[in-house]
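Student: After the structure tokens below, expect a handful of questions from me.
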Amino acid sequence: MSRRQEIFKLVEGLIKDHKGSEYEVSMDLDLRKDLEVDSVDLMEYIIYLEEAYQIDIPDKDIDAMATVGDMVDYVLKKTSK
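Per the UniProt record's numbering, the very first residue in the sequence shown carries number 1; after that it's consecutive.
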């Protein structure tokens, strides 16, 4: 399993824990439109990712995360440094 797939699995599990296991999570799903993630949910995801990967995600970067893939790629980039 690649590092990207590993991060996706973690994000997928996080979403399913919050939204329900019936959700089919894919990289191109829009967090706000398709998954109806509100600002509170999004902050919970961000805090979880920051703790899980020991990274800091500034508020200005959160708005750029439109899709699940954006979130996964952001974490991948931050952990590759």
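All C-beta atoms in this analysis are idealised placements derived from N, C-alpha and C, irrespective of residue type, glycine included.
Look up D30 in the DSSP assignment and say whether it is helix, strand or coil.
Tutor: Three-state result, D30: strand.
Student: Could you pull the start and end residues of the alpha helix (DSSP H) that L10 belongs to?
Tutor: L10 -> alpha helix (DSSP H) spans R3 to K19.
Student: Would a C-beta distance cut-off of 7 Å place Y48 and L14 closer than the cut-off?
Tutor: Yes, they are a contact pair.
Student: Sort D56, E50, D59 and A64 by Cα distance to L10 and report the nearest one.
Tutor: The residue with the shortest Cα to Cα distance from L10 is E50.
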